[in-house]
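S.K.: Residue numbers (my numbering): 5 to 225. Note that the Cβ used here is the ideal one computed from N, Cα and C, for glycine as well. As the structure is a prediction and not an experimental result, all values here were calculated from the model.
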Amino acid sequence: MSAVRARLGVLVSGSGSNLQALLDACAREDFPAEVACVVSNVPTAFALERARKAGVPAVVLEHKAFASRADFERALGEALRRAGVEWVCLAGFMRLLSADFLAGFSGRVLNIHPALLPAFPGLHAQRQALERGVKIAGCTVHFVDAGTDTGPIIAQAAVPVLPGDDEASLSARILAEEHRLYPLAVRLAVTGKVTLEGARTRVDARATVGELSLRSPGAPP
Ligand code: GAR
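(1) Would you check if the distance between the CB atom of V113 and the CB atom of I158 is smaller than 8 Å?
(2) Helix, strand or coil: how does DSSP classify N115 here?
(3) Would you kindly check if the distance between the Cβ of C93 and the Cβ of H117 is under 8 Å?
(4) According to the neighbour-count rule (16 or more other Cβ atoms, all chains shown, within 10 Å of its Cβ), is V8 buried or exposed?
(5) Between the C-alpha atoms of D153 and L120, what's the straight-line distance to the nearest angstrom?
(6) For S72, does the three-state DSSP call read helix, strand or coil?
(7) With a floor of 3 residues, list each beta strand (DSSP E) that falls wholly inside the stretch 7-35, ordered by position along the chain.
(8) Can you tell me which of the three DSSP states S217 falls into?
(9) Go through its chain and collect everything with a Cβ distance to R99's Cβ below 7 Å, but skip five positions before and after it.
(10) Looking at C-alpha atoms only, which residue of G151, G155, L216 is the closest neighbour of E182?
(11) Excluding sequence positions up to five away, which residues of its chain have a Cβ less than 6 Å from the Cβ of V163?
(12) If you follow the beta strand (DSSP E) that A87 is in, where does it begin and where does it stop?
(13) Out of A129, R191, G151, which one is the CA nearest neighbour of L12?
(14) Per DSSP, which one or two residues make a beta bridge with H146?
(15) Excluding sequence positions up to five away, which residues of its chain have a Cβ less than 6 Å from the Cβ of G88?
(16) In angstroms, rounded to a whole number, what distance separates the CA positions of G214 and A103?
(17) With distances taken from CA atoms, which of G96, F147, L26, P122 is nearest F109?
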């Protein structure tokens, strides 16, 4: 008998390579989650193609078509609930979500960000990292609160910044780690190994350091 799998709703705005990483993980029998639906606020997002190809229901909700953020979020919440979504994963979803919306999925909204938070929240995180001359960059999966990339951290992956890196090369190195990290962090969250308690994460004794902090294969020892 197969175990009950957590139902994910994945929110996207762009290419959807992180969605693809989640779809690929969910295709494995031992993965404790499945993608129940994909919602894009951008009608041309390539992520929608990925969802269709995987046979996952995809919905377009263009935020601009709604009179207010509250109306957009109401429609978003309805679409997710109609699909039986229990966990919401932001995967390159470029909209902030209000505290009201988040309360409907309390402790069950995750985001991936291409920086070692709390450094470099917001847009162009990789460019910000290069401009500040950091030597170690990376990505973070965190619980979402109403701020910009401010929620409590679940797991992180580090990559080296190499001499000669530009925004494109650093972004590609980080993205490869994002694809490893997001499924791992989803597994930690849906199995209750990492939970949100108030404004902090609580890490269960079953979670290993190797699951919580990844190092890229190319990283110096
Ligand atoms: C990813 O690098 C993700 O971390 C970033 O957008 C990209 C989406 O790529 N998200 C943020 O910057 C959120 N603050 P994808 O569409 O190929 O997954």
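M.R.: With the given structure in hand:
(1) Walking along the sequence shown from the start, residue 113 turns up at place 109. Walking along the sequence shown from the start, residue 158 turns up at place 154. Annotated as distal: V113 and I158, with beta-carbon spacing of 8 Å or more.
(2) In the sequence shown, the residue the question calls residue 115 occupies position 111. The DSSP-derived three-state label of N115 is strand.
(3) One-based indexing of the sequence shown puts residue 117 at position 113. One-based indexing of the sequence shown puts residue 93 at position 89. Here H117 is not near C93, since their CB atoms are 8 Å or more apart.
(4) One-based indexing of the sequence shown puts residue 8 at position 4. Counting other Cβ atoms within 10 Å of its Cβ, V8 stays below 16 and is therefore classed as exposed.
(5) The residue labelled residue 153 in the question sits at position 149 within the sequence shown. The residue labelled residue 120 in the question sits at position 116 within the sequence shown. Whole-angstrom Cα-Cα distance: 11 Å.
(6) Locating residue 72 in the sequence shown gives position 68, where the first residue counts as 1. Note: S72 maps to coil in three-state DSSP.
(7) For the stretch 7-35, whole beta strand (DSSP E) runs of length 3 or above, ordered along the chain, are 10-16.
(8) Here residue 217 refers to the residue found at position 213 when the sequence shown is read from its first residue. Three-state result, S217: strand.
(9) In the sequence shown, counting from the first residue as 1, residue 99 sits at position 95. Within the same chain, N45, H67 come within 7 Å of R99 by CB-CB distance, once the 5 residues on both sides are set aside.
(10) One-based indexing of the sequence shown puts residue 182 at position 178. If we check each option's Cα against that of E182, L216 comes out closest.
(11) Here residue 163 refers to the residue found at position 159 when the sequence shown is read from its first residue. These residues qualify, in order along the chain: A141, G142, R177, I178, E181, S220.
(12) Reading the sequence shown from its first residue, position 83 is the one you call residue 87. Judged by DSSP secondary structure, A87 falls outside any beta strand (DSSP E); it is assigned neither H nor E.
(13) In the sequence shown, the residue the question calls residue 12 occupies position 8. When C-alpha distances from L12 are compared across A129, R191, G151, the shortest belongs to R191.
(14) Reading the sequence shown from its first residue, position 142 is the one you call residue 146. Beta-bridge pairing links H146 to N115, I157.
(15) As a first step, residue 88 is located in the sequence shown; it is residue number 84 there, counting from the start. Within the same chain, R11, A40 come within 6 Å of G88 by CB-CB distance, once the 5 residues on both sides are set aside.
(16) For the purposes of this step, residue 214 is taken as residue 210 along the sequence shown, with counting starting at 1. For the purposes of this step, residue 103 is taken as residue 99 along the sequence shown, with counting starting at 1. The C-alpha of G214 lies about 32 Å from the C-alpha of A103.
(17) As a position in the sequence shown, residue 109 is number 105, starting the count at 1. Ranking the options by Cα distance to F109, first place goes to F147.
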